[in-house]
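Working notes, beginning with the structure itself.
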Amino acid sequence: MLDAFEVGGDFHSRTAMNMYPYICEAIESKQVLVEWHPQPGQETPPVPLLKDIFASERRKAKMLNFSIAYGKTTIGLSRDWKVSVNEARETVAQWYGGREEVLRWQEARKKEAHRIGCVYTWLGRAHTFLSTKNAHPSHRGNFERAAINTPPRSRFIF
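Residue numbers for the sequence shown follow UniProt numbering, so the first one is 1 and each next one is one higher.
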């Protein structure tokens, strides 16, 4: 995941490629490019870009990326996408399959929040939470989602 960001890659197109086998086939057969970095003198890519040919799939992948990053549940995803909970669960499992580090990071933030009652923003500021020991399960879910989305969201709030 970090590799795509470090090299300036199109993370949402890469997610779409992993979600849809037919997109992967189109890339492998060189019908489309995931991304294109023009060299001096090049004005257009040699073949269309994934984001142009498979725009709706990329849009769905982008929605999935942000949904998971901010802690959407499989039930919430199933409602948004109008699919069964099992289909949503499979989609989320597939997404995490290539991004185990994200799941580990999210689980660590949840544990940290439960253990010490706060998580730290990327700038080092503590975001405190009320105790969840006796919280209703739906409130616990809200608490955990806040724990995983506070650090990345805080980076963009000035």
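For each residue, glycine too, the CB sits at the ideal point set by N, CA and C.
{"Asked": "Of the residues E57, P45, W36 and R115, the one placed nearest C24, counting alpha carbons only", "Found": "E57"}
{"Asked": "Segments of 3+ residues assigned as beta strand (DSSP E) that fall wholly inside the stretch 63-125", "Found": "118-120"}
{"Asked": "Contacting residues, own chain, Cβ-Cβ under 7 Å from G9 (five flanking each side not counted)", "Found": "E35"}
{"Asked": "Nearest neighbour of L33, chosen from Q39, G41 and K51 [CA to CA]", "Found": "K51"}
{"Asked": "C-alpha distance - T121 paired with P151, whole-angstrom precision", "Found": "4 Å"}
{"Asked": "Reduced DSSP category for L130 - H, G, I as helix; E, B as strand; rest coil", "Found": "coil"}
{"Asked": "Same chain only: Cβ atoms within 8 Å of Y96, ignoring 5 sequence neighbours per side", "Found": "I68, V102 and L103"}
{"Asked": "Buried or exposed by the 16-neighbour rule on C-beta atoms within 10 Å, applied to residue 232", "Found": "For residue 232 there is no data in the structure shown, the boundaries of the chain being 1 and 158."}
{"Asked": "Cβ-Cβ separation, Q94 to M17 (assumed contact under 8 Å), whole Å", "Found": "So it is not a contact: roughly 12 Å between Cβ atoms."}
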